[in-house]
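Enquirer:
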Amino acid sequence: MKFETDSLAKPENDKLNRNFLAQRIAEHLNGHWSHSSEGISIAITGEWGSGKSTMVDYISQAAKSQNSFLKAHYFSPWIFQKNGSIREIILIELAKFFNDLGTKGESISKEIQKLIKPFAWIKKMNASAEFIYEFIEHSNNFFAEDKSLVEIKNRIDNVLSKNENYYLVIIDDVDRLNKDQVIELFQTISMVSNFSRVIYIVAYDREIITNLLQLEYGNRAQDFLEKIFLVEFNLPKIRKEVMQNIFFQNITQLEQLNELEFDRKVLESIWNYGGLKNYFNNYRDIKRYII
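Start counting the sequence shown at 458; every next residue gets the next number (the working numbering).
1. Counting only the same chain and skipping the five closest in sequence on each side, list residues whose C-beta sits under 7 Å from that of G508.
2. Just checking, does the segment 703-718 make contact with the segment 479-499 on the three C-beta pairs under 8 Å criterion?
3. With a cut-off of 8 Å on the beta carbons, I'd call F737 and F704 a contact; round off their distance for me.
4. Relative to the alpha-carbon of L625, which residue among V649, S542, K636 and A678 has its alpha-carbon at the smallest distance?
5. Rounded to whole angstroms, what's the CA-CA distance from Y629 to K744? Just pull it up for me.
6. Report the residue ranges of all beta strand (DSSP E) runs contained in full by the segment 611-682; include only those spanning at least 3 residues, in chain order.
7. Are the Cβ atoms of R663 and T511 separated by less than 8 Å?
8. With H, G and I counted as helix, E and B as strand and the rest as coil, what does DSSP make of S726?
9. So if DSSP puts N775 in a beta bridge, which residue, or which two residues, is it bridged to?
10. Taking all protein chains shown into account, do 16 or more other C-beta atoms lie within 10 angstroms of the C-beta of F477, making it buried, or fewer, making it exposed?
11. Distance, Cα to Cα, A520 vs E484?
12. Quickly, what does DSSP pair I497 with across the bridge? List them, please.
13. Buried or exposed, going by whether 16 or more other CB atoms sit within 10 Å of the CB of Q706?
14. Determine the direct distance from the alpha carbon of Q679 to that of L672, and round the result to whole angstroms.
15. Mind reading off the beta-carbon distance from I665 to D632? Whole number of angstroms is fine, and I expect it under 8 Å.
16. What separation, rounded to the nearest whole angstrom, lies between the Cα atoms of E752 and I658?
17. Could you work out which residue in L634, Y661 and S517 is closest to F537 when comparing CA atoms only?
18. Between the Cα of S525 and the Cα atoms of L669, I549 and N487, which residue gives the shortest distance?
19. Label Q644 either buried or exposed according to how many other C-beta atoms from any shown protein chain fall within 10 Å of its C-beta, with 16 as the threshold for buried.
20. First and last residue of the alpha helix (DSSP H) that includes L711?
21. Here's the rule: buried if 16 or more other CB atoms are within 10 angstroms of the residue's CB, otherwise exposed. What is Y661?
22. In whole angstroms, what is the alpha-carbon distance linking R612 and N702?
23. Enumerate in chain order the residues of its own chain whose CB-to-CB distance from L527 is below 8 Å, with the five nearest sequence positions on each side excluded.
24. F532 to V655, Cα distance in whole Å?
25. Just to confirm, are E641 and I543 a CB contact at a threshold of 8 Å?
26. Using the C-alpha atoms, what's the distance from K734 back to L687?
Listed below in structure tokens is the structure:
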């Protein structure tokens with residue numbers, strides 16, 4: 458028999474009590490759409506191994522169960538980082554996601570792909586941190602200087618606004634990117650975040666990302682993030698008693714699957730007095746230890 462390695466993937470196996478928060482966030486997302494078609498971006502933050510990927514999966518499942526017109530797309534730029542610029546990868550992913558929208562004359566997929574070439578110059582030039590910061594802060598002004606880009610965005614937005622569906626774009630593993638890739642990612646999100654009927658959920662470790670941004674923006678790193686994300690949901694650190702329950706639940710599962718029997722009193726003594734509990738800070742640590 459195979460040991461379960463991703464038992465948190467289903468809400469019914471929620472060991473970290475994340476699903477309740479996911480349900481509430483999903484309600485807020487659908488509540489936003491009930492009175493506005495404006496696109497927004499939100500952040501899900503937490504330490505490494507705190508369950509960010511599980512959380513965004515729960516949010517997606519909850520939002521879709523509450524809204525039959527919702528479509529969700531999961532994307533990890535880190536997986537494709539060697540295949541091109543982050544900006545191109547994201548725009549291509551959006552083009553694929555919206556591929557079935559529009560008519561032959563106003564295909565969203567083709568319109569989004571048109572945005573790739575005009576912004577290639579940003580990557581090639583030696584842009585200063587100050588310039589990129591200003592781009593994020595005044596991205597609408599940058600578009601206004603190029604009427605062709607405004608027209609492209611307007612055509613995309615026009616098709617999206619007339620469509621009955623809503624779209625959830627989930628971007629995960631952001632903290633695995635390097636500094637320049639993170640800046641390019643957030644710059645691109647800022648560029649497309651106001652598309653109608655689209656909400657972006659971005660998951661990352663706030664400390665890691667803030668430290669990377671501080672290399673460019675100093676003490677303005679937090680301001681940088683606040684200009685991109687309307688709201689941030691920070692996942693609390695897992696309590697030690699919860700870690701203990703998860704550890705022994707996994708031990709029980711291991712015993713059942715492999716016909717083993719451990720002395721529970723000895724294990725509890727090692728956990729509490731032998732210092733074993735100090736080696737586990739998150740659910741991922743336990744999985745690696747057990748497996």
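A virtual CB, placed ideally from N, CA and C, is assigned to each residue, including glycine.
Just so you know, these numbers come straight off a predicted model, no measurement behind them.
Expert: To lay it out plainly:
1. Taken in chain order, the residues that qualify are L465, L473, R475, L692 and Y740.
2. no
3. Between F704 and F737 the Cβ distance is about 7 Å, and since that is below 8 Å, they are a contact.
4. V649
5. Position check: residue 629 holds Asp in this sequence, whereas Tyr was assumed. Between D629 and K744, the C-alpha separation is close to 20 Å.
6. Entirely contained in the segment 611-682, the beta strand (DSSP E) runs reaching 3 residues are, in chain order, 623-628 and 655-661.
7. no
8. Residue state, collapsed to three classes: helix.
9. Residue 775 lies beyond the range of the chain shown here (458 to 748); nothing can be said about it.
10. exposed
11. 7 Å
12. I656.
13. exposed
14. 12 Å
15. Sure, about 4 Å apart at Cβ, within 8 Å.
16. For the chain, the structure presents residues 458 to 748; residue 752 sits outside this window and is missing.
17. L634
18. N487
19. buried
20. L711 -> alpha helix (DSSP H) spans K697 to N715.
21. buried
22. When rounded, the distance between both Cα atoms is 53 Å.
23. Cβ neighbours of L527 beyond the five flanking positions: N487, A520, K521, N622, Y623, Y624 and L625.
24. 15 Å
25. yes
26. 37 Å
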